[in-house]
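Residue numbers (my numbering), protein chains in the order written: chain V, 2 to 115; chain U, 24 to 134. Even for Gly, the Cβ is constructed at its ideal location relative to N, Cα and C. Being a predicted model, the structure only gives us computed values, none of them experimental. Some notes on the structure that comes next.
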């Protein structure tokens with residue numbers, strides 16, 4: 002596709018459940034980022050992939066959060082044992098990589114944990 | 024930890040007015056990007072500044088990177104209702120290519 006695609010656009014889940022959020026980056030972009038944005042805040046870095054590997058996962062809040070990018074394209078953010086505090090918009094972005102950090106964002110997945 | 028502080032947090036002005044928003048840090052950034060975000064959408068890149076003292080213009084928007092590459096400003100001339108949105112600055116601070124975002128300035132331009 003022409004842009005970064007995220008699915009689902011909205012997800013409501015019960016506390017304690019497991020969720021997966023998907024990101025399909027722009028074709029050819031080697032760098033992929035996950036951010037979390039709470040209401041009234043700027044995006045908060047979670048994890049950065051260069052190719053298949055997680056180059057920086059320092060933003061993942063705890064071990065309930067995990068992300069993969071097995072073939073260097075699509076990425077999945079996985080959240081185990083969801084908590085109400087996980088409710089936020091999860092944004093994915095991609096860039097050409099290497100020294101080009103100009104990021105193109107998807108529309109986000111709004112996660113609500115009830 | 025590199026932090027970016029944006030000010031003001033909220034700004035409400037009338038159509039036709041000029042405004043400036045600021046992005047400040049104690050850290051040096053390799054580059055700094057400005058984004059605009061509308062409700063329900065992801066941020067959209069407006070500009071990237073790389074060189075200290077650099078000025079870039081995008082129609083009625085003027086972006087400046089501080090000489091020391093620690094701060095930046097965005098000036099909008101003759102604001103229009105279509106300029107309404109959340110303006111975010113993001114700094115890239117080194118070899119890890121991670122972007123650090125400020126909390127944003129929420130701009131409302133009233134007709």
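Residue range of the unbroken beta strand (DSSP E) whose run includes residue i
i, result
"residue 36 of chain U", "33-37"
"residue 67 of chain V", "66-69"
"residue 30 of chain V", "No beta strand (DSSP E) holds residue 30 of chain V; DSSP gives it neither H nor E."
"residue 88 of chain U", "84-88"
"residue 102 of chain V", "Where residue 102 of chain V is concerned, there is no enclosing beta strand (DSSP E), given that its DSSP letter is neither H nor E."
"residue 82 of chain V", "Segment: none, residue 82 of chain V is in no beta strand (DSSP E) and carries neither H nor E."
"residue 67 of chain U", "67-72"
"residue 108 of chain U", "108-115"
"residue 54 of chain U", "54-60"
Other residues of its chain near residue i: CB distance less than 8 Å, five sequence neighbours each side excluded
i, result
"residue 45 of chain V", "36, 37, 38, 39, 60"
Beta-carbon neighbours of residue i, restricted to chain U and to distances below 9 Å
i, result
"residue 58 of chain V", "The contacting residues do not exist; residue 58 of chain V stays about 11 Å from chain U at best."
"residue 102 of chain V", "53, 54, 56, 71, 113, 115, 120, 121, 122"
"residue 17 of chain V", "Near residue 17 of chain V there are no residues of chain U at all, since even the closest Cβ is about 28 Å away, more than 9 Å."
Own chain partners of residue i with C-beta closer than 7 Å, once the 5 adjacent residues on each side are dropped
i, result
"residue 108 of chain U", "59, 60, 61, 130"
Partner residues on chain V for residue i, Cβ-Cβ distance less than 8 Å
i, result
"residue 79 of chain U", "Here the premise fails: no neighbours, minimum Cβ distance about 13 Å."
Contact set between residue i and chain V, taken where Cβ atoms lie within less than 9 Å
i, result
"residue 93 of chain U", "Going along chain V, no residue has its Cβ under 9 Å from residue 93 of chain U, so there is no contact; the nearest lies around 18 Å."
Partners in chain V for residue i, counting only beta-carbon separations shorter than 7 Å
i, result
"residue 127 of chain U", "43"
Review point. Can we say the segment 75-87 of chain V touches the segment 15-22 of chain V, given the rule of at least three CB pairs closer than 8 Å?
Key: yes
Point to revise | Segment contact flag, the segment 27-37 of chain U with the segment 79-92 of chain U, C-beta cutoff 8 Å, min 3 pairs | key: No, the segment 27-37 of chain U does not touch the segment 79-92 of chain U.
Check your understanding: Should the segment 89-103 of chain U be called in touch with the segment 41-56 of chain U, which here means at least 3 C-beta pairs below 8 Å?
Key -> yes
**Study point:** Cβ contact (3+ pairs, closer than 8 Å) linking the segment 51-58 of chain U and the segment 54-71 of chain V
**Key:** no
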